[in-house]
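Colleague:
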């Protein structure tokens, strides 16, 4: 017998506040198969789905079979999102490299378009992951009333109400707020890397650089040779010199009488 989803109280978030602002470039762009006019619009919709799930999809991350089914109308956008969530790329990059709590947080952000309400919601969905596995968790997210009411079967999920009027700074995008790897796996992979620069480089415009035959070029060359010779010459202390043996002296010639 499966454990039912635990109840959790929703908290006040931006997407729960009704918006009365006029549409602008700051509002999220909605990609849906209901208003496609050409095959190019389908390409844009597919790219938006990859960007929402993976943030960026390389050639090896793409799912050509799912794309072909979506183009031919054999599956809906919701089925395409399910295929991306259950793909090897999403499993290796998100599920295998994160704890259940963090995996739940990232899936709620990408699929439902919002942040988790509280820790109790993380625990509730983590129990689903532990009991039903990754596929059961994905099915319950896509079958939830919240997903169907906001995105339905034909709309790509998006971050809801990220920019609010009257505020200079809105919410951060999910890919910046919750990167793919956590701190532990980022340290194991070796990034972010700190590069220490010991030499301060200055920029010289092209018109101010010395031309061929300019004496400044010979001055630089002479200084480099002088520095090279100074580096090769050993530094010996005067206390280590045997003056009696190393200082040359002139012998007195003896004359035969």
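Numbering (our numbering), first residue to last: 6 to 262. Don't be surprised by glycine CBs; every beta carbon is placed ideally from N, CA and C.
(1) Three-state secondary structure (DSSP) at residue 131?
(2) Just to confirm my understanding: we take residue 113, look at its own chain, exclude 5 residues before and 5 after, and list those with CB closer than 6 Å. What are they?
(3) Beta carbon of residue 53, beta carbon of residue 85: below 8 Å?
(4) Measure the alpha-carbon distance for residue 48 versus residue 65 and round it to whole angstroms.
(5) Could you have a look at residue 98 and say whether DSSP puts it in helix, strand or coil?
(6) Apply the 10 Å Cβ neighbour rule to residue 213 and answer buried if 16 or more other Cβ atoms are within range, or exposed otherwise.
(7) Given a cut-off of 8 Å, decide if residue 145 and residue 133 are closer than it, judged by their beta-carbon atoms.
(8) Might you give, ordered along the chain, the residues of its own chain that have their beta carbon closer than 6 Å to the beta carbon of residue 116, omitting 5 neighbours on each side?
(9) Helix or strand or just coil, what does DSSP make of residue 44?
Modeller: According to the structure shown:
(1) For this step, residue 131 is matched to residue 126 along the chain shown. Residue 131: helix per DSSP, three-state reduction.
(2) Taking the chain shown and counting its residues from 1, one reaches residue 113 at position 108. For residue 113, where only same-chain residues beyond five positions count, the Cβ hits under 6 Å are 121.
(3) If you number the chain shown from 1, residue 53 lands on position 48. If you number the chain shown from 1, residue 85 lands on position 80. Their beta carbons are not under 8 Å apart, which means residue 53 does not touch residue 85 by this criterion.
(4) Residue numbering aside, residue 48 sits at position 43 when the chain shown is read from its first letter. Residue numbering aside, residue 65 sits at position 60 when the chain shown is read from its first letter. Answer to the nearest angstrom: the Cα atoms are 17 Å apart.
(5) Within the chain shown, numbered from 1, the residue matching residue 98 stands at position 93. Helix, per DSSP.
(6) The sequence position of residue 213 within the chain shown is 208, counting from 1. With fewer than 16 Cβ atoms within 10 Å of its Cβ, residue 213 is classed as exposed.
(7) On the chain shown, residue 133 is found 128 positions in, with the first residue counted as 1. On the chain shown, residue 145 is found 140 positions in, with the first residue counted as 1. Yes, they are a contact pair.
(8) Sequence index remark: in the chain shown, residue 116 carries index 111 (1-based). Correct list, in chain order: 146, 162.
(9) The count along the chain shown starts at 1 and reaches residue 44 at position 39. Helix at residue 44.
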